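**Student:** Below is the structure I would like to discuss, written out as structure tokens.
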Amino acid sequence: MKQGSLFDPPQEPPEKTHATVGTARHSLSELAFDVETTGNNPFADDIVGISLCRERGSAVYIPIRHVHGPNLPEAPAILKPVMEDPSVAKIGHNLKFDILMLRREGINVAGPLFDTMVAAYLLNPGKPNHSLEDTGLEYLQHRKKPFLEVLGKRASFAEVPLAEAVPYAAEDAALAMELKNTLFPLLEDEKLSDLYFTIEMPLISVLADIESYGVKIDIKRLSTLSEELQRELDTLQSSIYGLAGQEFNINSPKQLAKVLFEDLGLKPGKKTKTGFSTAVEVLEELALTHELPAQILNYRTLYKLKTTYIDALPQLVQPATGRVHTSFNQTVTATGRLSSSEPNLQNIPIRTEWGTRIRETFIAEKGHLLLSADYSQIELRILAHLSRDKGLMQAFRDDVDVHARTASELFHKAMPEISGDERRFAKTINFGVIYGMSAFGLSQALGISPKDAAEFIQHYFATHSGVKAYLDQTLETARQQGYVLTMHGRKRQIPDINSANITARQAAERIATNTPLQGTAADLIKIAMIRIHDLIRTRKLRSRMVLQIHDELLFEVPEDELELMQKLVCREMEGAMKLSVPLKVDMGWGKNWAEAH
DNA sequence: GCCGTCACG
DNA sequence: ACGTACGTGACGGCA
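For the first sequence, the numbering used here assigns the number 1 to the initial residue and increments by one for each residue that follows.
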């Protein structure tokens, strides 16, 4: 445990803290703060206090709804001028959370941000988590008192006596302040400051706005779909039991494997760690000769859609807003992408008929439309730019169908002669290039032999020497430096790139070639989001960004702003970066997400 | 709490 | 000989 005044309890009794903050604010330039609550739900009504840290040794805690000691109903009024002062920098760990909490108290946080969680993430995006506990331990060797230890058996932080709550809360803010002092120079050393201050910090407010605005869901329609789907599942279940000659739990891979491979004696395919696989590729193969696996596949698909989306989404509608408020996580992925959770709105179905029905339940408010804008072939365009491959660049400059063009080269045919199957092959290979394809992986994806797949790959690289040279160069740099970079300097360590373990090394090589492409696309859309958000605000538009799905942005727009927003969004997305090939954005709009696509 | 599975880009 | 396409999150089953 690191000792020193910083992490000691504040000297002043909490009753006096508001006066300190109130009078000192004009001399402040930096303020670390942390909102204390009982959970991590931004819409839970449980904000109980704010801890502040201005300088070494002066961490304080201002109770707002603490049930013990001084409950300060005037606390928001005291905090508001400081929190909204743009000349005061705000330092904290996971600031988006604090910003959302304070917004519910009527406080709109302004000023430069320094989020220590995001800083720790940029320094090492591969780590499984960037909690204050772990980050404090790693960089300051400081063992923070665990929240659950302070909470004990109490139901809420508000019930923790002030004598314990104050030092705990103050420690959080003080730790963030100290982490800032440590992480800031590290960001500079790693050349991550530009990315941090021009992209990641401004993005925090954008994400906070998207999350608090939410997206509207047609609950009634979902409930109708649920009933309809249940009837279909019931029918399928009876039919499956009949074909199996017994009743069993269809959702249990273990029981299903027994029925298929033991009781019915079907030929097992690949194995998992725990037994014979019943995954979709295996069942599809079996479905060619048996009705049962075909029906299992159908059952699985429908069951998934019902449990994960149709039945889950209505429960996540916030009564206060009547909308669904996802969390966009900024410090999860190793590549720089966002992720979405509770609920994940980045994996809403689209590929099947039922998927379309589910997307139809994402709707616009009365008098509004949903506007969808997605980048066309963004990762291949970035590959074209980074590799300067002549053919690939020309394809995008001429705005031709890039998969058809690849097929034309692979099969030595003019583009108009390319069949659907040939284009599908080429499309899979283009994906393969982005993913760091192996002959085996490609053979699985195409359903051909590894030998044939190897020939396709060889032929692809023979006709795309620029791509080949770029990928080789990326690997060489990764081997020498142990990391790869995106165009904006986002860094991902690749620890296994020189591993003696072949499997681990090959996996590392795929990561090394994929990350600059996926990561640059992530940088790009983040820039577009910040600019569009800024324009909506400065032009006082009523349109709102509601979702980001990696290469797509979804907006809810008043009908009379549709035309303006189409132009604005297209211009900003296509102009977010200047590449050696044009960027292209496809757009659609409608009363629901299915129509907008 | 892990595993298998499957929804998305 | 070996396991194998990149990145996620959520569900139910089962120990």
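Where a beta carbon is used, it is the ideal one built from N, C-alpha and C, also for glycine.
All values derive from a computational prediction rather than experimental measurement.
At the level of alpha carbons, what is the spacing between G269 and I549?
**Tutor:** 34 Å
**Student:** If you count every other CB in all the chains shown that lies within 10 Å of the CB of K306, and 16 or more means buried, which is it?
**Tutor:** buried
**Student:** If you check the beta carbons only, do A174 and T356 fall under 7 Å apart?
**Tutor:** no
**Student:** State yes or no: is the C-beta of L95 within less than 7 Å of the C-beta of I204?
**Tutor:** yes
**Student:** Once DSSP output is grouped into helix, strand and coil, what is the label at H533?
**Tutor:** helix
**Student:** Roughly how many angstroms lie between the CA atoms of L370 and D586, to the nearest whole one?
**Tutor:** The alpha-carbon atoms of L370 and D586 are separated by roughly 14 Å.
**Student:** Which ranges would you report for the alpha helix (DSSP H) in the region 117 to 202 if only whole runs of at least 4 residues count?
**Tutor:** 132 to 140, 147 to 151 and 162 to 189
**Student:** Please determine whether the Cβ atom of V400 lies at a distance below 6 Å from any heavy atom of the ligand COA.
**Tutor:** The model depicted lacks the ligand COA and carries no ligand whatsoever.
**Student:** Under a three-way DSSP split, which group does P516 fall into?
**Tutor:** helix
**Student:** Please list, in chain order, all residues of the same chain as A521 whose beta carbon is under 7 Å from its beta carbon, the five residues on each side excluded.
**Tutor:** I378, E379, I382 and D551
**Student:** Whole-angstrom Cβ separation of C53 and A32, contact assumed at under 8 Å?
**Tutor:** 4 Å
**Student:** Give the straight-line distance between the Cα atoms of L338 and L113, rounded to the nearest whole angstrom.
**Tutor:** 19 Å
**Student:** Buried or exposed, going by whether 16 or more other CB atoms sit within 10 Å of the CB of S238?
**Tutor:** exposed
**Student:** Along the chain, where does the alpha helix (DSSP H) that runs through M565 open and close?
**Tutor:** L562 to E574
**Student:** So, for V67: in the same chain, excluding its five sequence neighbours on each side, which residues have a beta-carbon less than 7 Å away from its beta-carbon?
**Tutor:** Cβ neighbours of V67 beyond the five flanking positions: A158 and E159.
**Student:** Are there three or more Cβ pairs, one per stretch, closer than 8 Å when the region 236 to 255 is compared with the region 289 to 306?
**Tutor:** yes
**Student:** Provide the residue span of the alpha helix (DSSP H) that contains D421, from first to last.
**Tutor:** G420 to Y435
**Student:** Compute the beta-carbon to beta-carbon distance between I296 and L288, rounded to the nearest angstrom, for a pair I have assumed lies under 8 Å.
**Tutor:** The pair is not a contact, with the Cβ atoms about 14 Å apart (cut-off 8 Å).
**Student:** Would you please state the rounded distance, in angstroms, between the beta carbons of L195 and H488? I believe it to be under 8 Å.
**Tutor:** 5 Å
**Student:** List the DSSP bridge partners of V585.
**Tutor:** Y375
**Student:** Since A176 and I91 are thought to touch, with beta carbons under 8 Å apart, how far apart are those beta carbons, to the nearest angstrom?
**Tutor:** Between I91 and A176 the Cβ distance is about 5 Å, and since that is below 8 Å, they are a contact.
**Student:** Can you list, in chain order, the residues of its chain whose CB lies under 6 Å from that of F248, leaving out five sequence neighbours each side?
**Tutor:** Take F248, set aside five residues on each side of it, and the residues of its chain with a beta-carbon closer than 6 Å to its own are Q255 and V259, in chain order.
**Student:** Which partner residues of S339 appear in the DSSP bridge assignment?
**Tutor:** N329
**Student:** Using DSSP with H/G/I as helix, E/B as strand and the rest coil, what is I62?
**Tutor:** strand
**Student:** What first and last residue would you give for the beta strand (DSSP E) that runs through G49?
**Tutor:** G49 to C53
**Student:** For G136, count neighbouring C-beta atoms within 10 Å of its own C-beta (all shown protein chains included) and say buried if the count is 16 or more, exposed if not.
**Tutor:** In summary, G136 is buried, with 16 or more beta-carbon neighbours lying within 10 Å of its beta-carbon over all protein chains present.
**Student:** Which term fits V400, buried or exposed, when burial requires 16 or more other beta carbons within 10 angstroms of its beta carbon?
**Tutor:** The residue is exposed, with fewer than 16 neighbouring Cβ atoms inside 10 Å.
**Student:** Rounded to whole angstroms, what's the CA-CA distance from A453 to F440? Just pull it up for me.
**Tutor:** 7 Å
**Student:** Count the C-beta pairs between the region 498 to 515 and the region 529 to 543 that are closer than 8 Å, then say yes if the count reaches three, no if not.
**Tutor:** no
**Student:** Helix, strand or coil for H459? Go by DSSP, reduced to three states.
**Tutor:** helix
**Student:** Evaluate P319 with the Cβ neighbour count: other Cβ atoms within 10 Å of its Cβ, from every protein chain shown; 16 or more gives buried, anything less gives exposed.
**Tutor:** exposed
**Student:** According to the neighbour-count rule (16 or more other Cβ atoms, all chains shown, within 10 Å of its Cβ), is D115 buried or exposed?
**Tutor:** buried
**Student:** For the alpha helix (DSSP H) containing F411, list its first residue and its last residue.
**Tutor:** Where F411 is concerned, there is no enclosing alpha helix (DSSP H), given that its DSSP letter is neither H nor E.
**Student:** With DSSP collapsed to three states, give me the class of Q346.
**Tutor:** Correct three-state label for Q346: coil.
**Student:** With a CB to CB cut of under 8 Å and the five nearest residues on each side skipped, what residues in its chain are close to K591?
**Tutor:** I363, A364, L369 and L370
**Student:** Please name the residue in R423, L313 and P202 whose C-alpha comes closest to that of D218.
**Tutor:** For D218, the closest C-alpha among the options R423, L313 and P202 is that of L313.
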